[in-house]
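Okay, structure first, notes after.
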């Protein structure tokens with residue numbers, strides 16, 4: 001009996017120790033308490049016999065120690081629970097404080113309330129729509145000035161309403177330019193573009209394309225067929241960096257091509273007229289028209305899973321004409337580096353001028369830099385009359401001239417030029433190439449274009465730097481017909 005009681009005492013002590021270690025579990029703690037109560041009831045009944053009185057006293061002392069350990073474990077569990085509740089209360093208070101800080105002044109601090117997204121004002125949305133429409137027309141508009149103009153109201157006139165009307169009028173004029181006829185005596189026309197001859201395949205010429213009569217209105221549609229030789233969509237009126245108030249001064253403009261069908265074929269000369277109407281003078285860099293001719297091809301071989309598609313695109317003509325302004329420029333050659341070579345068949349190096357052949361031109365080779373001022377790589381002076389005579393004597397071949405910079409010569413390269421009159425009588429200065437150019441940027445290659453403008457006949461690039469072109473001209477109010 002004594003051995004049984006001692007074994008029971010050891011099991012009770014082990015149970016109390018386990019209960020103390022897992023004080024966090026209330027269910028297990030209650031289970032141990034019930035077992036202990038039953039054990040002590042049996043122990044008191046057995047202690048009534050004299051043989052087991054000593055063992056019972058020892059077991060009672062052990063149970064008292066176990067109760068003390070159990071009480072200390074319960075106190076520790078209660079303290080931990082109070083700590084957890086305090087941490088939870090602090091976190092809830094911090095979340096409530098942050099929620100109150102996020103809410104605007106004067107709004108009720110409701111739990112779970114969501115803030116509505118801020119909508120742009122109607123004025124800002126309208127100005128953004130006008131800016132996108134202006135860029136769609138090819139207008140190089142200064143966005144900052146355009147946005148500021150919404151706050152610069154003219155007394156009695158709403159700039160927002162006037163700009164909206166002007167944008168709609170310009171879009172309508174662009175889409176309906178094919179059906180507008182100008183009943184006036186023929187005036188000066190922008191220079192013609194001679195399309196290249198049809199390509200040949202081997203020893204036989206390619207069959208002529210079928211004659212398709214397509215109106216200019218269909219060519220200016222957004223769903224333009226890429227097989228057209230000339231994309232009227234890419235024929236843009238560039239009014240470099242016009243502010244919003246200047247753009248609103250444009251009443252209307254029309255671009256009319258000298259073709260009944262509105263289509264051109266290889267060997268045709270592309271000519272036309274530009275009519276621009278303004279309500280007040282405009283300060284700008286100039287007005288330029290760009291014509292591009294692109295050929296697109298597509299074919300495939302095989303079928304099903306074995307089908308392979310091939311796409312090809314070639315730019316046949318890319319030419320920029322200055323209609324109004326005092327300087328002329330070529331197309332930009334990206335990443336050409338030290339040697340910029342223009343393809344004479346595309347017309348990218350042509351600079352049609354309004355000169356009569358007696359002027360002196362400054363020709364500058366420039367490196368285009370986005371976001372900062374362009375670098376001047378070299379410059380020279382061209383006497384148009386002499387250059388035209390040299391071109392004729394050389395049988396149309398170009399003439400090379402050395403480049404100068406800041407009145408000094410050296411390893412700055414040279415530019416190759418020619419000059420002649422085109423079919424419309426305009427003097428066209430053609431840049432064939434600019435070679436041996438210095439590096440204009442620390443990183444990357446040169447992005448080269450060439451510009452020309454009229455200077456005084458006494459200008460000498462070997463003595464001093466040539467004057468820079470005046471890119472700020474004033475377009476008079478009224479009607480411009482070119």
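Residue numbers (the UniProt record's numbering): 1 to 482. Glycine included, every Cβ here is placed at the ideal spot set by N, Cα and C. Here the structure is a predicted model, which means the values were calculated and not measured.
(request) Put residue 276 into one of helix, strand or coil per three-state DSSP. (result) strand
(message) Assuming residue 321 is part of the alpha helix (DSSP H), what are its boundary residues?
(response) No alpha helix (DSSP H) holds residue 321; the beta strand (DSSP E) holding it covers 308-324.
(request) Could you give the DSSP three-state label for residue 331: helix, strand or coil? (result) coil
(message) Considering Cα atoms alone, identify which of 409, 286, 272 is closest to residue 465.
(response) 409
(request) Indicate whether the contact test is met: 3 or more Cβ pairs, each with one atom in the region 327-334 and one in the region 449-464, closer than 8 Å. (result) yes
(message) Checking the sheet assignment: what are the DSSP bridge partners for residue 450?
(response) As computed with DSSP, residue 450 is found in a beta bridge with 365.
(message) Measuring straight from C-alpha to C-alpha, what distance separates residue 298 and residue 315?
(response) Cα to Cα, residue 298 sits roughly 15 Å from residue 315.
(request) Would you kindly report the start and end of the unbroken alpha helix (DSSP H) that includes residue 385? (result) 384-393
(request) List the residues that DSSP assigns as beta-bridge partners of residue 478. (result) 278
(message) Rounded to whole angstroms, what is the Cα-Cα separation between residue 480 and residue 471?
(response) Here the C-alpha atom of residue 480 lies approximately 19 Å from the C-alpha atom of residue 471.
(request) Given a cut-off of 8 Å, decide if residue 448 and residue 367 are closer than it, judged by their beta-carbon atoms. (result) yes
(request) Look up residue 269 in the DSSP assignment and say whether it is helix, strand or coil. (result) strand
(request) Helix, strand or coil for residue 338, going by three-state DSSP, please let me know. (result) If DSSP states are grouped into helix, strand and coil, residue 338 belongs with coil.
(request) Consult DSSP for residue 288 and reduce its assignment to one of helix, strand or coil. (result) strand
(request) Grab me the residues of residue 433's own chain with a C-beta within less than 6 Å of its C-beta, minus the 5 sequence neighbours each way, in chain order. (result) 341, 416
(request) Would you tell me roughly how many angstroms separate the C-alpha atoms of residue 189 and residue 337, rounded to the nearest one? (result) A caution first: residue 189 carries a pLDDT of 44, below 50, which makes its placement in the model unreliable, though a value can still be read off. When rounded, the separation of the alpha-carbon atoms in residue 189 and residue 337 is 35 Å.
(request) Report yes if the CB atom of residue 323 is closer than 8 Å to the CB atom of residue 293, and no otherwise. (result) No, Cβ-Cβ distance for residue 323 and residue 293 is not below 8 Å.
(message) For residue 277, which residues in the same chain have their Cβ closer than 6 Å to its Cβ, ignoring the five residues on either side in sequence?
(response) 251, 252, 479
(message) Here's the rule: buried if 16 or more other CB atoms are within 10 angstroms of the residue's CB, otherwise exposed. What is residue 319?
(response) buried
(message) Counting C-beta neighbours from all protein chains within 10 Å, is the total for residue 358 16 or more, i.e. buried, or is it exposed?
(response) exposed
(request) Determine, using beta-carbon pairs with one atom in the region 367-378 and one in the region 437-444, whether at least three such pairs fall under 8 Å. (result) yes
(request) Would you mind reading off the limits of the beta strand (DSSP E) that contains residue 433? (result) 427-435
(message) What would DSSP say about residue 412, mapped onto helix, strand or coil?
(response) Residue 412: coil per DSSP, three-state reduction.
(request) Keeping to the same chain, check which residues put their C-beta closer than 6 Å to that of residue 436; ignore five residues upstream and five downstream. (result) 413
(request) Quick one: using the 10 Å Cβ neighbour count with 16 as the cut-off for buried, is residue 310 buried or exposed? (result) exposed
(message) So, with DSSP's three-state summary, where would you put residue 123?
(response) helix
(request) Would you list the one or two residues that DSSP bridges to residue 379? (result) Under DSSP, residue 379 shares a beta bridge with 364, 404.
(request) State buried or exposed for residue 255, treating a residue as buried only when at least 16 other CB atoms are found within 10 Å of its CB. (result) buried
(request) Quick one: using the 10 Å Cβ neighbour count with 16 as the cut-off for buried, is residue 467 buried or exposed? (result) Looking at its Cβ environment, which holds fewer than 16 other Cβ atoms inside 10 Å, residue 467 is exposed.
(request) Taking all protein chains shown into account, decide if residue 286 is buried (16 or more other Cβ within 10 angstroms of its Cβ) or exposed. (result) buried
(request) Return the chain-ordered list of same chain residues with a C-beta closer than 6 Å to the C-beta of residue 312, the five sequence neighbours on each side being excluded. (result) 297
(request) Provide the residue span of the beta strand (DSSP E) that contains residue 251, from first to last. (result) 250-257
(message) Between the alpha carbons of residue 257 and residue 273, how many angstroms are there, rounded?
(response) 6 Å
(request) Kindly identify the DSSP beta-bridge partner or partners of residue 423. (result) Per DSSP, none; premise fails for residue 423.
(request) Just the C-alpha distance for residue 460 and residue 381, rounded to the nearest angstrom, thanks. (result) 7 Å
(message) Using only the alpha-carbon positions, how far apart do residue 388 and residue 301 sit?
(response) 51 Å
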